[in-house]
Amino acid sequence: MDEKLIEDVCKQTPNFDLCVSSLHSDPKSSSADVPELALIMANIINVKATSTLNHIKDLLKEGSGDRDALVSCGQNYIAILEIDLPQAIKALINGAYDIAEDGFADAVLEANFCEEGFSSGSSPLTDTNKYICDASGVARAIARLLI
65 MDEKLIEDVC KQTPNFDLCV SSLHSDPKSS SADVPELALI MANIINVKAT STLNHIKDLL
125 KEGSGDRDAL VSCGQNYIAI LEIDLPQAIK ALINGAYDIA EDGFADAVLE ANFCEEGFSS
185 GSSPLTDTNK YICDASGVAR AIARLLI
């Protein structure tokens, strides 16, 4: 594993520990270059965002929680999965790193909008929203290194 590259890259992100642990969770990181590390983060975010959207759907079926906020969160996570991440991934593949950075920045905004939608201050998605924000912030910082 190119531990030095991972550490050097992660030191330039807002969350070193999350960056290192996320990249280590994917065996492809051992031979990845910087754009591939950003793609690995995008894939990790995609998996978590997909599971979050499924959780939102389950909460809506159960009728638990603030329905309006959950519906809004569902729309936020659909935007992450259908717009923001695909844009970032395509841009990384095509070398348009500034556009990739924008896609990750938008994912941060969507997760924040979801969290802020719970007027009671008690969101059942706080941990997940924080993870998506933090991981997207890491991916954004990696993309920024390529600009």
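So the sequence shown is numbered by our numbering: it starts at 65 and just counts up by one. We treat Cβ as the ideally placed atom computed from N, Cα and C, and that holds for glycine.
Exposed or buried, N140, counting other C-beta atoms within 10 Å across all chains shown (16 or more means buried)?
Reading the sequence shown from its first residue, position 76 is the one you call residue 140. The residue in question, N140, is buried, as its Cβ has 16 or more Cβ neighbours within 10 Å.
In whole angstroms, what separates the C-alpha of I104 from that of K68?
Indexing the sequence shown from 1 puts residue 104 at position 40. Indexing the sequence shown from 1 puts residue 68 at position 4. Roughly 17 Å between the two C-alpha positions.
May I ask which residues mark the beginning and end of the alpha helix (DSSP H) holding L101?
Along the sequence shown, read from residue 1 onward, the residue named residue 101 stands at position 37. It spans 98-126 - the alpha helix (DSSP H) in which L101 sits, taken as one unbroken run.
Terminal residues of the continuous alpha helix (DSSP H) containing E179?
Along the sequence shown, one-based indexing puts residue 179 at 115. E179 -> alpha helix (DSSP H) spans 161-180.
Taking its Cβ as the centre, do 16 or more other Cβ atoms sit within 10 Å of S95, making it buried, or is it exposed?
Sequence index remark: in the sequence shown, residue 95 carries index 31 (1-based). Looking at its Cβ environment, which holds fewer than 16 other Cβ atoms inside 10 Å, S95 is exposed.
Please report the residue range of the alpha helix (DSSP H) in which P150 lies.
On the sequence shown, residue 150 is found 86 positions in, with the first residue counted as 1. Per DSSP, P150 belongs to the alpha helix (DSSP H) from 149-158.
Report all residues from its chain with a CB closer than 7 Å to the CB of Y195; omit the five preceding and five following residues, and keep chain order.
Position 131 of the sequence shown, counted from the start, is the residue given in the question as residue 195. Answer for Y195: K112, listed in chain order.
For F168, is the classification buried or exposed, using 16 other Cβ atoms within 10 angstroms of its Cβ as the cut-off for buried?
If you number the sequence shown from 1, residue 168 lands on position 104. Buried, by the Cβ-count rule.
Determine contact between the stretch 150-168 and the stretch 120-134, defined as no fewer than three beta-carbon pairs at a distance below 8 Å.
Counting Cβ pairs under 8 Å, fewer than three are found: no touch.
Please list, in chain order, all residues of the same chain as D198 whose beta carbon is under 8 Å from its beta carbon, the five residues on each side excluded.
Here residue 198 refers to the residue found at position 134 of the sequence shown. So the qualifying residues of the chain are P78, N79, L82.
Just tell me which of C137, G201, D97, G181 has its CA closest to the CA of S115.
Here the question's residue 115 lines up with position 51 in the sequence shown. Taking only the C-alpha atoms, the option nearest S115 is C137.
Check whether the Cβ atoms of P211 and L101 lie closer than 7 Å to each other.
Translated into positions along the sequence shown, residue 211 becomes position 147. Translated into positions along the sequence shown, residue 101 becomes position 37. First, the amino acid is wrong: residue 211 is Ile here, not Pro. No, they are not a contact pair.
Beta-carbon within less than 6 Å of M65's beta-carbon, same chain only, minus the 5 sequence neighbours each way: which residues are those?
The residue given as residue 65 occupies position 1 in the sequence shown. With a pLDDT of only 49 at M65, under 50, the local geometry of the prediction cannot be trusted, and the value read off the model is given with reservation. S94.
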